[in-house]
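Chains as they are written, first to last, in the numbering used here: chain A, 391 to 1040; chain B, 41 to 243; chain C, 15 to 435. Beta carbons: idealized from backbone N, C-alpha and C, even for Gly. Since the model is a prediction, treat every value here as computed from it, not as a measurement. Here the structure comes first, spelled out in structure tokens, and everything after it is commentary.
What follows is the structure, given as structure tokens:
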């Protein structure tokens, strides 16, 4: 075997052991970090965030150590370094191996081979390599044994950290075990909300949807009588359920903020329940935009609505109430149209077109339209929201003094507006291009615009006719809208005249006037007056005290004073303020009760109170925060920069 | 000083004006029996207007659907919160009719469920004594509408005080006459209106 | 030789003078000059080692009442006490409870015009104001038990003591919106009300028992319309004996009530309709009967240059005249806070006139309502440090000693120069 082959074989062996060493070093470093964190957690339970960082930290340590080991052993990849290493192991070689591997000059290869052959002992690398392997594998085995010795709870907290594992943390001596700390609260929102289950570690307050099922869990059930753990809620006491070492208390999120007390053998802790109320859906009817009266019930009506909900929509539909009849006898039918089931989506839209012709509407009929949405609340609801109602009336020619307005063709009016805008744009473009166009061409185009303006004018006249007449009745009078259309029509005629004579610049101001009037007509309020109301004036002097009959005027009963919830909270806080020097836990408990009521009655002050409670629990001075909360609860201070000679309340 | 003015509420969805003669009959009764300063004619005021708050007594009636707009709801809530008195009467006299169904739905949505006003309430002693509760109307007695005699009125009450009074008894028909017609009647059918107004003015 | 003799004479004279001074100062020690912040320590020291002949205080800030009283006691025991202090600001505060079922504390503050005053209660700062001349008022509805006013380093403090006992109110007028809403506002506030409201010859609206109008039962009477002569006379007697009355609306124009009015009615100004809920001046939209105030009346509220509300004292009682008509329009049609503001306004009018009983209760702590004024009362006005009054020319002992040493040195030098021993 030639020397280079020998060295190559040695290099391969060294690289193999290096690989094992790098991997085992990395694993050892990774494991050591985890073991250290696990041991610290055993002594003093670490926060979830820190435990979540354990694996990444271990990985970083492993990579760093492995990298360093690899760098240290980089020489094993070079033949020269391997040869030198062998020379160190076999001093008798006297650099013959190195000389053979690194040729310089013309060495006597025969001499070198004999020298190497003489000194090279088979298996010379075996002992050091075996020692290295033994150290690496031994270290890893020892680490594994140490990790296996850890309690299962520690391993879970380390390798699967998550909310709720606070109950797996080490606890103190049995005699001092506080069964009320820590606790874990599992919150399950009502099924209709479709929200995932949440687990909260050791909270002082829980915020969840009204009706959510909550389970308070703690440990140490075996450390004392289980029946002494109870939930106190108002006058009700609910004993804990026990399963092994774990106790649990069920409760439901109420409608109003509340503080409940968990007690055990003279100790207690408070828990504030902060309900989130499920608001009913909001619905907006975007078409039709306003109430309408039709002279004749024809054409189609676009219904368009959008619904939104904070949790999820269940159903959305249009409700149509048709009332027919008159005098004292009316019949109403209600229909549901366009029913949609958004399946829990928070927003949904519905749209449908109503054919008035097909509804068999008659004079005097009234249609009330609105969009309705329901959410999926199956606990206290469902919550229902509805849009504004649009009232569509069919004019009754029997009511001669009624003034019908707005034809069936409201959409036609809108198209007219767009067309007028388009005409203006074309006229302006034509004016700009005037210099470049031959005069004949300019004149022809202007006349064409004039013809189109005439067509629009004719359509506006038709609309005016429809607005101001009733079938079989004839002219019934101007309406606000017809007046505006008349103004638009006059301007259009003048514009048409100018355009016919190629006077585009003179036509444009008239066209703008027409557009302005059309815009106003679109947005004007349509007040429907259904008949002239008789006005009877009572002759007061003639009638005064001419009545007969005995009266028995009862005594008036007083109104109750209005309780001011904020003032009451302020008084409660004032009673607590001087006691900031006393035992912090008691003050925190008292403030917790005040804060729970503030959530409903003074929500602006509740966050300040929460911060004050946190400060007390952290051992800090809550005085400043409490004073700020007090100022917030107080009604305004009234000052006047002058003295009055009048003492009193003002 | 502003006199008492009988105000009829204008709402967009129905026939708000169906009780056109009621104001004059009520005014006539007030003047006959009391010394109250009263406007000689009623006014009509839109529910969504600022003018609503100039008339703390408001009368609503109709036969058709009652569907308040957001603006009308906001105003009505504020009106009652501030101390205004709302009197609603079903001109259909029909608990299955669209006015009753929709009006009670709207009122419940705004103010909470309507409760029965006990027949011993101070309303029935506010001026005249109605010891059996609300007087029956001709329409009730003659089988109109739902063919029922409604024993009690409904209302929204706070601490026993009526803020919203709701009637199924069709007083709007009962009081729809010219005031002069009363001289032909043995008993003035609109005496109960005096109780309602005096109650609203003094409680 | 002559020089030596002169020098020796000077030495002997200086020695003699020093001896005289030593004896005189032992008999009559110096005035002690002390600053405010060192005073407490000095007082304690003097109480054990004897007080000096006189004390001159440099009061750069207001004194603690105890220290001030101690100095007064020293002065009473024969120690001459003088003081000076340009930095102590003249500040005063007086607080009292508001006659209102919801409570409240009113305070009047006097301070130099333009000086910033920080007003506090036990829980902290209430407001900071710059009073006009002659002062400012503050109303804290939470009803603090003490009010402090700080101007620079001067602190004035007023403590509340006695509790108030409120009687009932009597409402007189006719049935209508104004009586309804005034009664509602006052009852919602917590006042207990009796009412007599004219309605009809067949019956009036009443609440409470029919008793004479006197201070045993009523704190104040609110009159919203004209009343009968007998009732008016009863009312006048009630006011003269300490009761309060508010005349409002048409009552302002009633001839029978003129004897109680704070002024005579002018021409009415019409109302704005509908009521402007966004107006800056909340009562600006109301109809108003302006009040031309009597000579002894105080104007409480104006609209432009006309008095809208005025008040006056009538013997032991107080009367307010308000020219606003139909204040209920403000409650119904005003802005978002109108409901509360209308209630507050009426409660404020009542509080300004109400007759109240008292439950005597000593305050918790010591008031110091006008620190500078109290200091001057106790110790006299400010003055400079006093001069000595025994006729002896005042030469410093240091000067005498220097003179003595110089004379000795001169004599020795003279001897040496002439070669004498």
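Out of A:434, A:812 and A:753, the CA that lies nearest to the CA of residue 785 (chain A) is found in A:753. With distances taken between CA atoms, residue 879 (chain A) lies nearest to A:847 out of A:478, A:830 and A:847. For a cut-off of 8 Å, the C-beta gap from residue 97 (chain B) to residue 240 (chain B) is around 5 Å, short enough to register as a contact. Taking all protein chains shown into account, residue 146 (chain C) has fewer than 16 neighbouring C-beta atoms within 10 Å of its C-beta and is therefore exposed. Under the three-state reduction of DSSP, residue 369 (chain C) is assigned to coil, being neither helix nor strand.
Per DSSP, the continuous alpha helix (DSSP H) segment holding residue 524 (chain A) begins and ends at 516-538. Taking 8 Å as the threshold, the shortest C-beta distance from residue 1006 (chain A) to chain C does not fall below it.
Residues of chain A with a Cβ closer than 7 Å to the Cβ of residue 44 (chain B) do not exist; the shortest Cβ-Cβ separation is about 12 Å.
Around the CB of residue 85 (chain C), 16 or more other CB atoms lie within 10 Å, so the residue is classed as buried.
For residue 715 (chain A), the pairing in a beta bridge is given by DSSP as A:720.
At a Cβ-Cβ threshold of 8 Å, residue 602 (chain A) and residue 626 (chain A) do not count as neighbours. In the DSSP annotation of this structure, residue 1029 (chain A) is not part of any alpha helix (DSSP H); the continuous beta strand (DSSP E) holding it starts and ends at 1028-1030.
Counted as a single uninterrupted DSSP element, the stretch harbouring residue 836 (chain A) is not any beta strand (DSSP E) but the alpha helix (DSSP H) occupying residues 829-858. Residues of chain A with a Cβ closer than 8 Å to the Cβ of residue 141 (chain C) are, in chain order, 1027 and 1029. Residue 868 (chain A) and residue 904 (chain A) have their C-alpha atoms roughly 18 Å apart.
Collapsing the DSSP output to three states places residue 419 (chain C) in a helix.
Listed as beta-bridge partners of residue 654 (chain A) by DSSP are A:619 and A:657. In this structure residue 221 (chain C) is in contact with residue 946 (chain A), their Cβ atoms being roughly 4 Å apart against a cut-off of 8 Å.
For residue 286 (chain C) and residue 344 (chain C), the gap between their C-alpha atoms comes out near 11 Å.
Neighbours of residue 340 (chain C) across chain B, judged by C-beta separation under 8 Å: 41 and 42.
Residue 60 (chain B) sits buried, since 16 or more C-beta atoms from the chains shown fall within 10 Å of its C-beta.
Judged by beta-carbon spacing, residue 223 (chain C) lies beyond the 8 Å limit of residue 260 (chain C), meaning their Cβ atoms are not closer than that value. Counted as a single uninterrupted DSSP element, the alpha helix (DSSP H) harbouring residue 142 (chain B) occupies residues 138-151.
The Cβ-Cβ distance between residue 296 (chain C) and residue 355 (chain C) falls below 8 Å. Annotation: Cβ neighbours of residue 122 (chain B) in chain C (cutoff 7 Å, chain order): 345, 346 and 353. Counting only the Cα atoms, residue 98 (chain C) lies some 52 Å from residue 182 (chain C). Segment contact: the segment 635-651 of chain A against the segment 690-702 of chain A, fewer than three CB-CB distances shorter than 8 Å; contact not assigned. Just so you know, the alpha carbons of residue 1016 (chain A) and residue 541 (chain A) end up roughly 45 Å apart. Where residue 597 (chain A) is concerned, the enclosing beta strand (DSSP E) starts and stops at 595-599.
At a cut-off of 8 Å between beta carbons, residue 212 (chain C) contacts chain B. Here the C-alpha atom of residue 123 (chain C) lies approximately 7 Å from the C-alpha atom of residue 108 (chain C). Taking a cut-off of 8 Å for Cβ pairs, the segment 203-215 of chain B and the segment 52-71 of chain B touch, as three or more such pairs fall below it. Contact of residue 75 (chain B) with chain C by beta-carbon distance below 9 Å involves 188, 189, 212, 213, 214 and 215.
Straight-line spacing of the CA atoms in residue 125 (chain B) and residue 290 (chain C) works out to 21 Å.
Residue 174 (chain C) is not a Cβ neighbour of residue 82 (chain C), given a cutoff of 8 Å. Using a Cβ distance threshold of 8 Å, residue 60 (chain C) and residue 66 (chain C) count as a contacting pair.
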